[in-house]
Every structure is written in C-alpha cells, then in structure tokens.
Amino acid sequence: MRLENSPVLVTLVILLMIFPVISACGNDDESPAPVVTPTPTTIPTTIQTSPVEPAVTPTEPPTPQEDIDVTIGVFSDITGMAASAMSVIDVAIEDLVTYFNSENLIPGANLKVITYDTQYNPSNDIPGYEWLKERGADVMLTGLPNTPITVRPRLEEDGMLLFSMNTSEDMIDPPGNIFCCNAPTPSFAYTLMKYIADLDWDYETKGPAKIGAAGWAESYAITLFDAMEQYCDAHPDQFEWEGGYLTSNSITWSTEVDAIFDCDYIMIPATAFGPGTFIKEYRQSGGTAKFLGTDAHLAFLHMIKASVDWNDFDGMLIISPYTWWNEDSETTRLARQLLEEHHSTGEIDRYLNWSGGAYIGTYAPVYTFLSVLAKAINDAGPGNFSSESLYDTATSFSITFDGYEELNFSNTKRTSWNYLAIREASAVDQDIVRKDPAYYPVIYEP
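Here it is, written out as structure tokens:
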C-alpha cells in the first residue's frame, strides 16, 4: 500500500514543521515552566450489589456449668449412748446445709452430707474416717468429744480438715487441721469459776467454796475437771478442790455421790443419762450442792427432765456460747424458721421443747463452719476449691452475729468463740434463763 498522497501523512508533516516555530516564540527572560507529569487518577467504580452478611461459623450454645458437689463427712452416734442428742444434732446439720443450698449462698456448689455412726465407740473412729474419705468427703465435722483426737494423725497425714463442736487441748495444740467452733474446754471452767467467785459465792465471808465433779471417763470431762482443779490451785482463797471422779463402766453414781457429797458446787456428768441419774441419786441422798454445767449438758436437757423434777436442779449454773430458745437472736430466729419450713408439728415440739439444747446448740458452731466453707469456695471458685484453700480461709476467718463480738480463727488460734454467757435452770420458769445479760470474755488461763 502506497502512502505518498495520504491525507494522514500530509497532516503529520505539517505538524512537525509548525512545533519548533511555536516553541521559539516564548519570552526569553522567563524560566521554562516545569513539566509536570500528571498522576493518573483512578475513578472508583461503584457496583450496586445486594447486602452481604458477615460469614459466621455456626457454633453450639455454651453448655451450662453444673454445680460441683462438696461433701461434708459427719461423725455421729446413731445407735450408741449419745444417740438421743446426736440424732437431733444431725437433723440441725441437715437443715442448715439445706438452707445454705436453697439460699444459693455458695453459687456453683452444692453441699452434701454423709454420716458415719461411730456408736460412741472410739475404736470406730478410724474405720469411720476411712469410710467417709472413701465416699468422697471433702471436709469433716463432728460433735463427738473423742473423735477429733483419735483421727488427728490421719487428718494431718492426708491434709484433711475437721471442724469440731467440742474442744480439748489435744485437738488444738499444736495448731493443725482441727478447727473448733467453740471456746477451749478449760475456758468454760475458768470463766464459770471466776463468775462464781465474783458474783455467786462470798468467799471473803464464807471462806473457799468446796467444789467437785463427776462424769464419764472421756476427753471432755477429763479436760474440764483438770481445768477446775487448776483454777482451785491458782485461787485457794476462793475454792477448795474435792476431786473429779470418772467412771467408764457404771450406770450408777453412788461412789461419786459419796465422794463429793459435802460440796457447795458440783460439775455433774454431761452425756446421755448421766446428768439425770446423778442428780436423782445425789438429791435422794440429801445432797444440797448447786450443780454446774456447760453447753454439753444442755444437749441432754431432755434426759434430765425425764429423770428428775425442775426443783431438783433449780439454780444450776450453766455456761454456754450460744443463745437459748427464749432469747431473740439471729440464731433463734433462723432455727425457728427452718423448723417451720422442714418439720411437722410433732417434730418441732421434739426439737424445740424436748431435745433441749441439741438442736439450737448446733446452730452457732455449724453456721460458723458453713460460713468458713462458703467463703473458701466463693473466694477460690467452685472449680478451684481444695483443702488448701479451705485451710487458708479458716486461718484468717472472722464473723459477727447474735450480739457477740467477733468470732474468729487465726494461724495460731483454733477456737472461735471469744465470749460466753451464764444461765441458770429455773424451776419457776421451767426453763433455762439468763443469769446475767452480759457476755463474759473467755478466760484462757486459771
């Protein structure tokens, strides 16, 4: 194809001839304008589309976490000599555990109770410990006086904690894995005897009061009687010790009655039919001493009333750490509430009127124990609860209720109560009444 006469070619030649001429016509004094290479601009293109939802990978809804079970292993006496009181104590424990569960005081945890019958026989304590442990006990509890001492070596070896409603020196010295929701047993003797010397017996006029004791050969009585003797030795101007007499194989008290017949004050047996039968034999023999007791005696008040008349133990002085049925307190209000919620009229009469202190006396120590347990689980979280976390909580725990000042444990203190109350048996009221509205600080030394 030939291009000589093509219009396109002619046009290109003309343009090439004109361009140099135009460039030469500019102002020679001006600098040449910079040549700017324009940056290509991209014009966004909008494409109309349907809305697109973000991609979501289907997942299963979270599985609700089930409550963990925390098992309380209880040493009790269901068929032995202390069964009449311990069976009621067991009911109170169940009622309080039900209360903590139903009120959801430990979110994420469910408290369970398993109970072993020791038959009030110390030889059953170790088998009972193994039985409870094999069935998953996370912590142990008892109102029996000998059991904590018997199982203490196992507790220390396994790292298991036991909370006791009683106290003896062997449980708490040295401080270990037993926590006593009570005052030291010797302190009951020291505090009561100081009260007698200050307010009940005029030793400056009458001279020292003769005082003695009788009971079963068990750790509680042994510890209590030793403390009474120590107080007498420390205060010979106030008291004269006539002896503490113990028996393990007799159901009568003639020997003990004769030995301490002339006393002004007698600490009577505390367990089962012991207090009622002793009072009966002593009064029938013509004895006139004023009887003494502790919260342990109140647990068997029903058996005392079944054996003797109120006049036979009228004026008996009783020292205890908890409020009584006829007093308005957090403890008594809660006890009455749970009785009405969980028990028939006949059962309420039994636990409220017949059983004496067995039901109400369980509330303060067991409420304290459950409060320690609740705090330990709540602080650690149900999934992280352990004996170690319970121990850490217990050794720094304190609580205040019922008008008492702080109840507490510490790294060196294994008893909770710091104050005690004095009451007396009243034949006029046919009840246990406050002797003094004041609470008395626990005395730790004679």
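Take the position in the sequence shown, starting the count at 1, then add 1185; the result is the number in this note's numbering.
By construction, the Cβ of each residue, glycine as well, lies at the ideal position given by its N, Cα and C atoms.
Cβ-Cβ separation, residue j to residue i (assumed contact under 8 Å), whole Å
i, j, result
"Thr1479", "Ser1514", "That pair is no contact at about 19 Å."
"Ile1451", "Phe1476", "6 Å"
"Tyr1405", "Ser1353", "7 Å"
"Pro1567", "Ala1294", "5 Å"
"Thr1530", "Ser1601", "No, Thr1530 and Ser1601 are not in contact; Cβ-Cβ is about 34 Å, not under 8 Å."
"Ser1572", "Gly1344", "5 Å"
Residue j beta carbon less than 7 Å from that of residue i
i, j, result
"Ile1628", "Lys1379", "yes"
"Leu1290", "Val1324", "no"
"Ala1520", "Ala1270", "no"
"Ser1433", "Ala1402", "yes"
"Ile1533", "Leu1524", "yes"
"Phe1260", "Thr1327", "yes"
"Tyr1305", "Ala1277", "no"
"Phe1373", "Phe1348", "no"
"Val1273", "Val1298", "no"
"Ala1419", "Pro1631", "yes"
"Pro1330", "Met1356", "no"
"Thr1376", "Tyr1625", "yes"
"Phe1497", "Arg1535", "The residue asked about is misnamed: residue 1497 is Asp in this sequence, not Phe. No, the pair does not count as a contact, with Cβ atoms beyond the cut-off."
"Phe1360", "Arg1599", "What sits at residue 1360 in the sequence shown is Pro, not Phe. Yes, they are a contact pair."
"Asn1362", "Glu1342", "no"
Spatial neighbours of residue i in its chain, beta-carbon cut-off 8 Å, leaving aside the 5 residues before and after
i, result
"Phe1463", "Ala1399, Trp1438, Glu1441, Val1442, Ile1453, Pro1454"
"Thr1580", "Phe1594, Ser1595, Asn1596"
"Trp1539", "His1487"
"Glu1288", "none"
"Met1264", "Strictly speaking, residue 1264 in this sequence is Thr, with Met absent from that position. So the list reads Asp1302, Gln1304, once near-sequence residues are dropped."
"Asp1449", "Trp1386, Ala1394, Lys1395, Ile1396, Ala1474, Lys1475"
"Val1493", "Gly1461, Ile1464, Lys1465, Arg1468"
Span of the beta strand (DSSP E), counted from its first residue to its last, around residue i
i, result
"Glu1414", "That residue, Glu1414, is in no beta strand (DSSP E); its alpha helix (DSSP H) goes 1404 to 1419."
"Tyr1450", "1450 to 1452"
"Gly1400", "1394 to 1401"
"Arg1608", "1604 to 1611"
"Pro1622", "1616 to 1626"
"Val1557", "No beta strand (DSSP E) holds Val1557; the alpha helix (DSSP H) holding it covers 1542 to 1565."
"Ser1261", "1253 to 1261"
"Leu1347", "1347 to 1349"
"Tyr1375", "Premise fails: Tyr1375 lies in the alpha helix (DSSP H), 1370 to 1380, not in any beta strand (DSSP E)."
"Lys1598", "Premise fails: Lys1598 is in no beta strand (DSSP E) and is neither H nor E."
"Leu1537", "Segment: none, Leu1537 is in no beta strand (DSSP E) and carries neither H nor E."
"Leu1431", "1424 to 1432"
"Thr1479", "1475 to 1479"
"Ile1445", "No beta strand (DSSP E) contains Ile1445, which DSSP labels as neither H nor E."
Same chain only: Cβ atoms within 7 Å of residue i, ignoring 5 sequence neighbours per side
i, result
"Tyr1388", "Ala1382, Ala1394, Asp1422, Gln1423"
"Ala1623", "none"
"Thr1256", "Lys1297, Ile1299, Gly1321, Ala1322, Asp1323"
"Gly1500", "Lys1475, Glu1609, Ala1610"
"Ala1129", "Look at the range of the chain in this structure, 1186 to 1631, and you will see that residue 1129 is not part of it."
"Asp1280", "Leu1523, His1527"
"Asn1563", "Ile1291"
"Val1557", "Thr1578, Ala1579, Phe1582"
"Val1613", "none"
"Trp1510", "Thr1517, Leu1537, Ile1545"
"Pro1223", "With a pLDDT of 38 at Pro1223, under the threshold of 50, the modelled position of that residue is not reliable, and no figure is offered here."
Cut-off 6 Å between Cβ atoms - residues of its own chain near residue i, not counting five sequence neighbours on either side
i, result
"Glu1425", "Pro1393, Lys1395"
"Ser1611", "Val1618"
"Gly1429", "Ala1398, Phe1410"
"Ala1481", "Ala1455"
"Thr1516", "Thr1508, Tyr1548, Ala1549, Asp1587"
"Ile1130", "Outside the modelled stretch of the chain, which goes from 1186 to 1631, sits residue 1130, for which no answer is possible."
"Ile1583", "Note on residue identity: the sequence assigns Ser, not Ile, to residue 1583. For Ser1583, where only same-chain residues beyond five positions count, the Cβ hits under 6 Å are Glu1591, Asn1593."
"Gln1615", "Trp1495"
"Glu1427", "Lys1395, Gly1397, Ile1445, Cys1448"
"Ile1503", "Gly1478, Arg1608"
Bounding residues of the alpha helix (DSSP H) (the contiguous stretch that carries residue i)
i, result
"Gly1461", "1459 to 1469"
"Gly1643", "Look at the range of the chain in this structure, 1186 to 1631, and you will see that residue 1643 is not part of it."
"Leu1296", "Segment 1294 to 1302 is the beta strand (DSSP E) holding Leu1296; no alpha helix (DSSP H) there."
"Ile1533", "1530 to 1534"
"Asp1285", "Inspection of the sequence shows that residue 1285 is occupied by Phe rather than by Asp. Per DSSP, Phe1285 belongs to the alpha helix (DSSP H) from 1268 to 1287."
"Ile1291", "Neither: Ile1291 is in no alpha helix (DSSP H) and is coded neither H nor E."
"Leu1329", "That residue, Leu1329, is in no alpha helix (DSSP H); it is neither H nor E in DSSP."
"Leu1502", "Where Leu1502 is concerned, there is no enclosing alpha helix (DSSP H), although the beta strand (DSSP E) it sits in stretches over 1502 to 1505."
"Ile1489", "1486 to 1492"
"Ile1357", "1354 to 1357"
"His1577", "The residue asked about is misnamed: residue 1577 is Asp in this sequence, not His. Asp1577 -> alpha helix (DSSP H) spans 1572 to 1579."
Closer than 6 Å: residue i CB and nearest the ligand GDP heavy atom
i, result
"Gln1304", "Judged by which ligands are present, the structure shown has none, so any question about the ligand GDP falls away."
Practice item. Examine the Cβ distances between the region 1407 to 1414 and the region 1362 to 1371 and report whether three or more of them are shorter than 8 Å. Key: A contact exists between the region 1407 to 1414 and the region 1362 to 1371.
Exercise for review: Would you check if the region 1617 to 1624 and the region 1388 to 1404 touch, i.e. whether three or more CB-CB distances between them fall below 8 Å?
Suggested key: Judged by Cβ distances under 8 Å, the region 1388 to 1404 makes no contact with the region 1617 to 1624, as fewer than three pairs qualify.
Check your understanding: How about the region 1309 to 1319 and the region 1566 to 1586: do they share at least three Cβ pairs that are nearer than 8 Å?
Key -> Contact fails between the region 1309 to 1319 and the region 1566 to 1586, because fewer than three Cβ pairs, one in each stretch, are under 8 Å apart.
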